[in-house]
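Participant: So that we are looking at the same thing, I have put the structure below in structure tokens.
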Amino acid sequence: MMSMIIFLQVLINSMDKINMSMNTLNVKKILSGQESALILIFSVMMISNLMGLSMSVYSITVAILCNAMCAMLIMITIWLSSFIYDINMFFKKVNILTTSKQFSLFLAMIEFVSFFIRPITLMTRLSANIIAGHVIMSLIMLSKGIYLYSTGILLMLFESFVSIIQAYIFITLIKMYSE
């Protein structure tokens, strides 16, 4: 529980850094200048995933609530910044001018729904990957093979690599959704 509070504090501090750097009106310029905040979120996710590999340590990224709060906080910050600082571009993404009005209304509703699906996909992907990795690790360890020690080392290396990739995918999706 304490690690979840620390994780959320670090995440909120990174969102404050994003909000403090919004002095310009160009959203693409704001989002491209957020490498330090994205690196911070990547580091927190990666360290949390790696901590979950140690014995008797509960990783907070396994909890779907933590992933949901993280994804929603990041996406709401991106939406508000694009809405506040460049409202015309925000509505241009929703409304396609080359289509008829009836079809344009339908496409706008689909785009509006996609705004709410994006954080859910972020949350679900991170949680499902972590849970699937633990299940595969448990199943392989249950098969009592001759090379149990070497299999355990290989699994730990594999799981460490997967936890780093999961943090990278999370940040990549955030960057992709913000464009």
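Here our numbering = 1-based position in the sequence shown + 220.
Virtual Cβ for every residue (Gly too), placed ideally from N, Cα, C.
Helix or strand or just coil, what does DSSP make of Ala-387?
Facilitator: helix
Participant: Restricting to Cα atoms, I'd like to know which of Phe-332, Thr-371, Thr-344 and Ala-387 is closest to Ile-356.
Facilitator: Closest option to Ile-356, Cα to Cα, is Thr-371.
Participant: Report the residue from Ser-398, Ser-383 and Ser-358 whose alpha carbon sits nearest the alpha carbon of Ser-268.
Facilitator: Out of Ser-398, Ser-383 and Ser-358, Ser-383 has the C-alpha closest to the C-alpha of Ser-268.
Participant: Taking the straight line between their C-alpha atoms, what separation do you get for Ile-337 and Gln-322?
Facilitator: Going by the C-alpha atoms only, they are around 23 Å apart.
Participant: How far does the alpha helix (DSSP H) with Ser-302 in it extend, from its first residue to its last?
Facilitator: 284 to 305
Participant: Please report the straight-line C-alpha distance between Leu-362 and Leu-270, rounded to a whole angstrom.
Facilitator: 22 Å
Participant: Buried or exposed for Glu-379, please, with buried defined as at least 16 other CB atoms from any protein chain shown within 10 angstroms of its CB.
Facilitator: buried
Participant: According to the neighbour-count rule (16 or more other Cβ atoms, all chains shown, within 10 Å of its Cβ), is Ser-390 buried or exposed?
Facilitator: One detail in the question is off: residue 390 reads as Phe in this sequence, not Ser. Under this definition Phe-390 is a buried residue.
Participant: Pull up the CB-CB distance for Thr-319 and Leu-327, whole angstroms please, since I reckon it's below 8 Å.
Facilitator: The Cβ separation is near 6 Å, so the contact holds.
Participant: Beta-carbon separation of Ile-340 and Gln-386 under 9 Å?
Facilitator: no
Participant: Which value, in whole angstroms, describes the spacing of the CA atoms of Ala-257 and Lys-395?
Facilitator: 11 Å
Participant: Taking the alpha-carbon positions, what's the Leu-377 to Leu-273 distance?
Facilitator: The C-alpha of Leu-377 lies about 10 Å from the C-alpha of Leu-273.
Participant: Looking only at its chain, what residues have a beta carbon closer than 7 Å to the beta carbon of Met-292, apart from the 5 residues adjacent to it on each side?
Facilitator: Pro-339
Participant: Assuming Met-343 and Ile-304 form a contact by the criterion Cβ under 8 Å, report the distance between their Cβ atoms to the nearest whole angstrom.
Facilitator: Their Cβ separation, rounded to whole angstroms, is 25 Å, which puts Met-343 and Ile-304 out of contact at 8 Å.
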